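The structure under discussion appears below in the form of structure tokens.
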Amino acid sequence: MKNISDSIPKVDAHEKLSGSAKYVSDYMLEDMHYAKTVRSPHAKAKIKAIHIPTLKPGVHVFGAKDIPAKNHVNMIFDDWPVFAEETVNHVGEPVLLVVAPDRKLLKETVDAIQVEYDPLTPEFSLKAFAVHKAFKKGDAEKAFSEADEIIEETYETGYQEQAYIEPQGFIGTYEDGKTTLIGSIQCPYYVKNALLVTLGCAENEVQVIQAEVGGAFGGKEEFPSLMACQLAIAVRTLKKPIKMIYEREEDMAVTTKRHPSKTRMRAAIKDGRVQAIEAHVSLDAGAYTGLSGVVLSRAMLAVSSAYTIPNLDVSGHAYITNTVPNGAFRGFGAPQMIFAIEMFMHHIGKALGDDPYHFRRKHLVKQGDLTATAGIYRDPILMDKMIDKATAMADYHKKVHAYNAPDVYRGIGMSWFLHGCGFTGSGEAEHIKSKVRLRKDEANRVHILVAAVDMGQGAKTTLRKVVAHVLKLPLDQVIFDNPDTDRVPDSGPTVASRTAMIVGGLLARAAEKLKTSWEDGVAYTVEEQYKQPDYIKWDEDTMQGDAYPAYSWGVNIVEVAVDPVTYQVDVIGIWSVYDVGKALDERIIMGQADGGQAQGVAYGYLEVMAHKQGVLQHKNMTDYIIPTSVDMAPTENVVIDNPYAFGPYGAKGAGELSLVGGAPAVAQAIEQAIGKKICKIPATPEHIEELMRRESH
Amino acid sequence: MRHIIPETLEEALHVIAQGPTIKLAGGTDIMVKHRASQGLAAKLRQDVVYLLNVPDLHYIRKEDNGLRIGGMVPIETLLHHDDVPKILRDTLLDFASPGLRYVATLAGNIANASPAGDALVTLYALDALVRLKSLERTRDVPIEAVIVGPSQTTIQDDELIESVFLPDASFTHTEWRKVGTRRADAISKVAFTGCVTLDNDIVQDIRLAFGAVFKTVYRNRSLEKALIGQHRHDVVKQSDALCEKYLENIAPIDDQRSNASYRNTVTKNLLKAFIEKLS
Amino acid sequence: MKAIEFTLNDELVTVDLQPHMRLLDVLREHFLLTGPKEGCGEGECGACAVLLDGHIVNSCLLPLANVHKRHVTTIEHFSRSKRYQVIEEAMIYEGGVQCGICTPGMVIAIESLLNKDPNPSDAAIRIGLSGNLCRCTGYNMIVKAVKRAASKGEGLW
Ligand SMILES: Cc1cc2nc3c(=O)[nH]c(=O)nc-3n(C[C@H](O)[C@H](O)[C@H](O)COP(=O)(O)OP(=O)(O)OC[C@H]3O[C@@H](n4cnc5c(N)ncnc54)[C@H](O)[C@@H]3O)c2cc1C
Ligand code: FES
Ligand code: FES
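Chains as they are written, first to last, in my numbering: chain A, 53 to 749; chain B, 5 to 283; chain C, 129 to 285.
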């Protein structure tokens, strides 16, 4: 291993290929019981009475009254109940948990329980907000008053479901006063902390272990805490192993999704340039706030994406509606905003009669520019080179010209974007305070002790590589087992593209420490804790300063053909260039690129989810359409080196970057192919039909 | 509740003669429709006869004037069989996924009677005859007389689909278009089969069948008949009027997969595109 | 009802279970063969794929009765074969594995495809994998892995 980027076989590939990797549903324990949730059929109602039939031996029912301490799921905003108490606020809200020794009895009991409700009038429109945020840069008001022209547009995005192939699940066990939860999770300590709050118990009474995770994409960031709290109450009471695995329908109906959004944008134009943008983003948070405030922040912070706009006036609301709560999903608010800004810049360019490509390019960020929140882009930005590379790979300029001809029904679209690495603002320094340990044993093996979860993104491989590389040890001397809160310190959640950069960075430092103190045959442990680089300043209240320690950058080009008879979109090719600092493993980064793009592009044209009166209409994998191998186009991806001083070997975040630019690229391509402006995604055949019909009249 | 795995057709017919049963072929519709929770057997409330592996129903045979396909031949087999008309193979290539095609059957697709059943669209266009067999009788029924509405058929309790007969036909041009929710492993939002035979530019035979836009597959023989004997250019001239007539008759719905407006427009576009190929 | 007998991973087995149980549950819970996974329970995702007489099927849709007297092979057994070795090497080489939940099913799909078409075109590969949803990879690296397996496994299929 000379160069850290050189690919090595993924350390867990064999187990996964041969079917021996153990996911939570694969655990089969002695005397295992099963749990299922009784849920609200109403979008909003008062619970009048609960009628529980005489329970058969071994069957138990738990609800709000059984919660030992706090009836909320501990996360950033604590309004989400573990069990509904007096009212229910969305269809599918948990009211009770039933536990039975077998699934037949379980089903019979769930069916026999009767909850009486007084239905109330639900709210589905964006009226009551739970979070409001705003920030400014420069003097937007002045720029608008001096503008030659003002251009305005509204952009809308729909739900997106994570659609990990493994539904959510936990198995809980009890031994010697300790409740252990093994689950499909991204954030072992989120789960543990939620348990401590809801159970009100001592640290050593709960333990959380990560099973193999069959895909997460943000969907297993906060939601598992809810399941875990419910299950833990039952496990502690019954002192028996209990398994709770959602089936697909339940998972789709009740777990968090990407927030639908509406973004209104106004631009002040002077001398052919955008002098100011006023943007307002509205997110539908669903019934409870949960992480919506943070999602809103990230959306707002992405407002100018890869462009430098001197004056900004940005605000946003997260609204409460009687629908299933929305939450984390790869990109975390950024995909909504990047769709809006990329389309808007493109549309402004067109409206001004300029070539949108040139128009956008003259607004591109350069090193030293001020960010949206008046922080500084300190590190080198290679976007010029990246755009040139991507356009050459895709033969963009030739195609964009050719496809302007009418009746070819082809289009090519391009997006430029950045993604802030790590937690927003002061999150890393103030909330997470990431801690990592390396334990060296007597056989000179080094054990990585972190709470980072490998959910397919390859953390097990890359983090082992980093440590092995620093210590110049063979890879099999470095051990990384799935996190278990009894063994590992809280290195933070596996979210926000922070694992390689932040956790990896701390591990590299810990490894350096270990290297200098190395004593053969002696067992000892070293620890490292996150320290914010001094120059990073952020004010949470005014949203001013450096929102992120570093940024990753990307360019996506998507080519489509639209069938003029059926309006179906055929993605023909995807070309991308990414700057993730330094790839800790080239092949793993290519996998992140391909997979993220697939989700991002599909978000733009394929994936539809909607609700009617709070009931999601897309209930399963037959209704909710994600791409198959036939839908996905061949891709060509390139990663360029641009090492970041504080990342391990120069690495920055890579997990979310590849998703955030897919939608505007495919939407622009479709826009060109059909010759109609697109302001709403997904741009489905139905939407295209509507656009064609509307304008042909 | 009894579960019977008959070894012969004879045995199967005896079982179904005794009263209502669930006739289970590949199970790809039944197991979804009657799915229970994980770990529990499907919610089947009647005696079940498992037909999939009955050897007597696994044949493809050329007969005078046509091809006879045993009811339990999996879709996958048809896909690779040279005697199966090309238009049907084209259709079946868009059917579900490889794993499903290996167990799903034509008989199941017919008896399931979904307006979005893909094979049905082409079976309607090919004037397929369904052989219904009971201990007492054998009837050969045109497919449109077997299917009367969503999940509704005229198959009697004591009957099963023994085979499907495809009368010989040769066309100058055929077309299958599946407009699914995505490019593979999808349910049709609209489907279309068109077959036409020209002789000296005169239409000798034309068949137009539409899926997922009516309570059954939609085919209008009188509109077709009116085109027979006409010069192809004259047919092309009428394409707009013809589209209007079809639109008056079909009745697409809004659902989670699509909406009526889209289904109407696409039906019209597909038909128009097909007709215009005659020019 | 007679007991159902079938060949499971090269061994004749007789089971006295309800014939309308899903094969998937029988494999996972009765035989503890947890390689096949449940992703959707309705034939859409392919995570539950096994081989029936050498051809891919979705075990979540198969009533146990339908495998009577037939041959079922799960990933646990297939992974002991030479062909598997070739597929594994190719999947690792091309980076076709991420979270792994779709992977056993994907391997089954690849085997079934190569069994029929030892030298598939890109289009044939995509069709061959179209019943196996993967949310992590975007498929391209798996498509390349199939190509590689086909060329490295010359003569095996
Ligand atoms: C994931 C998925 C994808 C699908 N994709 C498609 C698709 O693309 N296109 C499409 O058309 N369909 C599709 N289907 C539906 C289904 O696969 C087809 O309708 C298939 O043809 C059903 O055949 P089967 O043998 O599995 O039927 P079964 O489920 O066994 O039976 C279906 C019905 O037919 C009856 N039946 C079966 N055999 C007989 C007989 N011999 N005599 C009388 N009645 C009988 C049964 O009682 C039942 O009512 C899909 C299903 C799934 C789960
Ligand atoms: S679990 Fe069988 S296809 Fe998804
Ligand atoms: S690797 Fe995760 S779903 Fe395919």
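We put the CB at the ideal spot given by N, CA and C, even for glycine.
Predicted model, so just to flag it, every value in this text is computed and none were measured.
- For a cut-off of 8 Å, the C-beta gap from A552/A to A703/A is around 5 Å, short enough to register as a contact.
- Within the stretch 163-195 of chain C, E166, G169, E170, G171, E172, G174, A177, L180, H183, I184, V185, N186, C188, L189, L190, P191, A193 and N194 place their CB atoms closer than 8 Å to a CB of chain B, listed in sequence order.
- The C-alpha of V682/A lies about 11 Å from the C-alpha of N260/C.
- Looking only at A46/B, V150/B, V217/B and T176/B, the smallest Cα-Cα distance to F196/B is reached by V217/B.
- Remark: the shortest separation between the CB of G379/A and any heavy atom of ligand 1 does not fall under 7 Å.
- Judged by DSSP secondary structure, C199/B falls within the beta strand (DSSP E) whose first and last residues are S192 to D203.
- Taking C-beta atoms as the reference points, Y657/A and T568/A fail to come closer than 8 Å.
- Around ligand 2, the residues whose beta-carbon falls short of 6 Å from at least one of its heavy atoms are E166/C, G167/C, C168/C, G169/C, G171/C, E172/C, C173/C, G174/C, A175/C, C176/C, N186/C and C188/C, given in chain order.
- In this model, A386/A and A351/A are separated by some 5 Å (Cα to Cα).
- Under DSSP, T423/A forms no beta bridge with any residue.
- Following the DSSP letters along the chain, one finds D365/A inside the beta strand (DSSP E) bounded by residues N363 to I372.
- The continuous stretches of alpha helix (DSSP H) do not include D209/B, which lies in the beta strand (DSSP E) extending over residues I206 to G215.
- Counting other Cβ atoms within 10 Å of its Cβ, L140/C stays below 16 and is therefore classed as exposed.
- Contact check for V607/A against A685/A fails: the beta carbons are separated by 8 Å or more.
- In this structure, I91/B sits away from A117/B, with a CB-CB distance that is not shorter than 8 Å.
- Looking at the backbone, the Cα of L566/A and that of R489/A are separated by about 10 Å.
- The Cβ atoms of P700/A and A560/A sit closer than 8 Å to each other.
- Under DSSP, C473/A forms a beta bridge with A602/A.
- Beta-bridge pairing by DSSP links W180/B to T197/B.
- Residue range K90 to L97 is occupied by the alpha helix (DSSP H) that includes K90/B, with no beta strand (DSSP E) assigned at that position.
- Among the CB atoms of chain B, none fall inside 8 Å of the CB of T513/A.
- Burial state of H103/A is exposed, judged by a 10 Å Cβ sphere holding fewer than 16 other Cβ atoms.
- Residues of the stretch 167-183 of chain A that bring their beta carbon within less than 7 Å of a beta carbon in chain C are absent altogether.
- In this structure, L151/C lies near S187/C, with their beta-carbon atoms less than 8 Å apart.
- Interface with chain A (8 Å Cβ-Cβ cutoff): N113/B is excluded.
- Here the distance from the Cβ of G31/B to the nearest heavy atom of ligand 1 is below 7 Å.
- Taking 8 Å as the cut-off, the Cβ atoms of Y266/B and E741/A count as close.
- Against chain C, the beta carbon of L69/A has neighbours under 9 Å at I203, S207, Y212, I215, E216, M219, I220, G224, V225, G228, T231, P232, M234 and V235, listed in chain order.
- A heavy atom of ligand 1 is found nearer than 7 Å to the CB of K27/B.
- The Cβ of D189/B sits closer than 8 Å to at least one Cβ of chain A.
- Exclusion of the five residues before and after K100/A leaves E168, Y169 and D170 as the residues of its chain whose Cβ lies within less than 7 Å of its Cβ.
- Apart from sequence neighbours up to five positions away, the residues of its chain that approach G379/A with a beta-carbon distance below 6 Å are E274, T308, G342 and L343, ordered along the chain.
- A contact between stretches requires three or more CB pairs, one per stretch, nearer than 8 Å, and the stretch 595-603 of chain A meets this requirement with the stretch 424-436 of chain A.
- When CB distances to chain A are screened at a threshold of 9 Å, the residues of the stretch 236-262 of chain C falling below it are D250, A251, I253, R254, I255, G256, L257, S258, G259, N260, L261 and C262, in chain order.
- Contact with chain A is absent for L17/B, since none of that chain's Cβ atoms lies less than 8 Å from the residue's Cβ.
- Under the three-pair Cβ rule at 8 Å, the stretch 632-644 of chain A does not count as touching the stretch 661-677 of chain A.
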